[in-house]
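Peer 1: The structure is given below, and queries will be raised subsequently.
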Amino acid sequence: MAQDDKGWLAEMGLKKRLIYSIFFVLVLFAICWFLVNPWIGKMFYPYPESYREYIEEYGEKYQVDPLFIAAVIQTESSFNSEAVSPKGACGLMQLMPSTAEWAAGMIGFEQYSPDDLFEPRLNIQIGSWYLSSLQQQFSGNKVVVLAAYNGGRTEAARWLEQNIWDGRESTLEQIPYSETRQFIQRAITAYRRYQEI
0 MAQDDKGWLA EMGLKKRLIY SIFFVLVLFA ICWFLVNPWI GKMFYPYPES YREYIEEYGE
60 KYQVDPLFIA AVIQTESSFN SEAVSPKGAC GLMQLMPSTA EWAAGMIGFE QYSPDDLFEP
120 RLNIQIGSWY LSSLQQQFSG NKVVVLAAYN GGRTEAARWL EQNIWDGRES TLEQIPYSET
180 RQFIQRAITA YRRYQEI
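Note that numbering that gives the first Met the number 0 gives residue 137 to position 138 of the sequence shown, counting from 1, and the numbers run on in steps of one.
What follows is the structure in structure tokens.
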């Protein structure tokens with residue numbers, strides 16, 4: 000092989016490595032940009048623009064962080080107002096009809112029907128009030144509030160009183176219900192994501 004051919008091959012190899020290096024840097028830059036760009040977060044955790052007014056209204060009225068309410072809705076129903084769980088929880092905030100009926104009475108509703116849970120405004124009002132009552136019971140500890148919201152307030156109180164669980168996010172594995180553990184993890188992740196957006 001002639002000396003010119005070897006030089007040409009070496010030059011082509013260098014150009015190829017340079018192109019690959021530039022491509023790698025561009026891909027790395029794009030990945031970093033996507034990770035820090037709030038717009039990307041909205042793609043995966045769409046801020047609830049369609050229900051924002053209700054979330055903010057009842058968040059303020061019942062002193063619950065609207066982003067926390069949005070995180071519960073995202074986790075429970077992905078903002079599907081017609082959602083029904085296999086256990087019978089209904090609407091955006093996946094309220095059990097018996098819990099919602101009790102909460103509606105506590106709020107002072109004159110008339111209430113389980114069908115009302117599919118009406119977004121009412122569902123968000125009842126769910127926000129319920130979150131507020133859990134915040135009061137559990138001293139504002141959002142992790143315990145989520146445990147009570149999903150696993151039941153009586154169960155959450157029992158776990159704490161009997162030292163089954165200490166109420167911290169870092170010890171979720173102590174919670175006996177895997178569904179509740181997973182719910183808390185997803186809701187906390189959504190809540191943190193909303194805080195970043």
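Ideal Cβ placement from N, Cα and C applies to all residues, glycine included.
Buried or exposed for Thr-179, going by 16 or more other Cβ atoms inside 10 Å?
Peer 2: The residue in question, Thr-179, is buried, as its Cβ has 16 or more Cβ neighbours within 10 Å.
Peer 1: Out of Gln-135, Ser-132, Ala-155, point me to the one whose CA is closest to Val-143's CA.
Peer 2: Nearest C-alpha to Val-143: Ala-155.
Peer 1: Of the choices Ile-21, Gly-90, Ile-54, whose alpha-carbon is the least far from that of Ser-131?
Peer 2: It is Ile-54 whose Cα lies nearest to the Cα of Ser-131.
Peer 1: In whole angstroms, what is the alpha-carbon distance linking Gln-181 and Ile-21?
Peer 2: Approximately 41 Å between the Cα atoms of the pair.
Peer 1: Using the DSSP secondary-structure output, state which residues sit across from Leu-94 in a beta bridge.
Peer 2: In the DSSP output, where bridge partners are listed per residue, Leu-94 has Cys-89.
Peer 1: Kindly list the residues whose CB is nearer than 8 Å to the CB of Ser-177, restricted to its own chain and excluding five residues on each side of it in sequence; keep chain order.
Peer 2: Excluding residues within five positions, none has a Cβ falling inside 8 Å.
Peer 1: Taking C-beta to C-beta, are Gly-151 and Val-71 nearer than 9 Å?
Peer 2: No, Cβ-Cβ distance for Gly-151 and Val-71 is not below 9 Å.
Peer 1: Rounding to the nearest angstrom, what Cα-Cα distance links Ile-174 and Asp-165 in this structure?
Peer 2: One C-alpha to the other measures close to 9 Å.
Peer 1: Tell me the rounded alpha-carbon separation between Ile-183 and Leu-133.
Peer 2: Distance between the alpha carbons of Ile-183 and Leu-133: 14 Å.
Peer 1: Run the CB neighbour count on Asp-114, radius 10 Å, all protein chains shown included, and call it buried at 16 or more, exposed below.
Peer 2: Looking at its Cβ environment, which holds fewer than 16 other Cβ atoms inside 10 Å, Asp-114 is exposed.
Peer 1: My output table needs one value for Val-83: the three-state DSSP class, helix, strand or coil.
Peer 2: Residue state, collapsed to three classes: strand.
Peer 1: Would you call the CB atoms of Gly-90 and Ser-80 closer than 9 Å?
Peer 2: Contact: yes.
Peer 1: Less than 8 Å between C-beta atoms, sequence neighbours within five positions excluded: which residues of the same chain meet that for Tyr-44?
Peer 2: The pLDDT assigned to Tyr-44 is 49, lower than 50, so where the model puts this residue is not dependable; a value taken from the coordinates is nonetheless given after this. Correct list, in chain order: Gln-73, Ala-189, Arg-192, Tyr-193, Ile-196.
Peer 1: Report, in whole angstroms, the separation of the C-beta atoms of Met-92 and Asn-140, which I expect to be a contact under 8 Å.
Peer 2: The pair is not a contact, with the Cβ atoms about 19 Å apart (cut-off 8 Å).
Peer 1: Identify which residue in Asn-149, Leu-159, Arg-120 has its Cα closest to the Cα of Ser-138.
Peer 2: Ser-138 has its Cα closest to that of Leu-159, out of Asn-149, Leu-159, Arg-120.
Peer 1: Taking the C-alpha atoms as reference points, what is the distance between Glu-56 and Glu-168?
Peer 2: So the two alpha carbons sit approximately 28 Å from each other.
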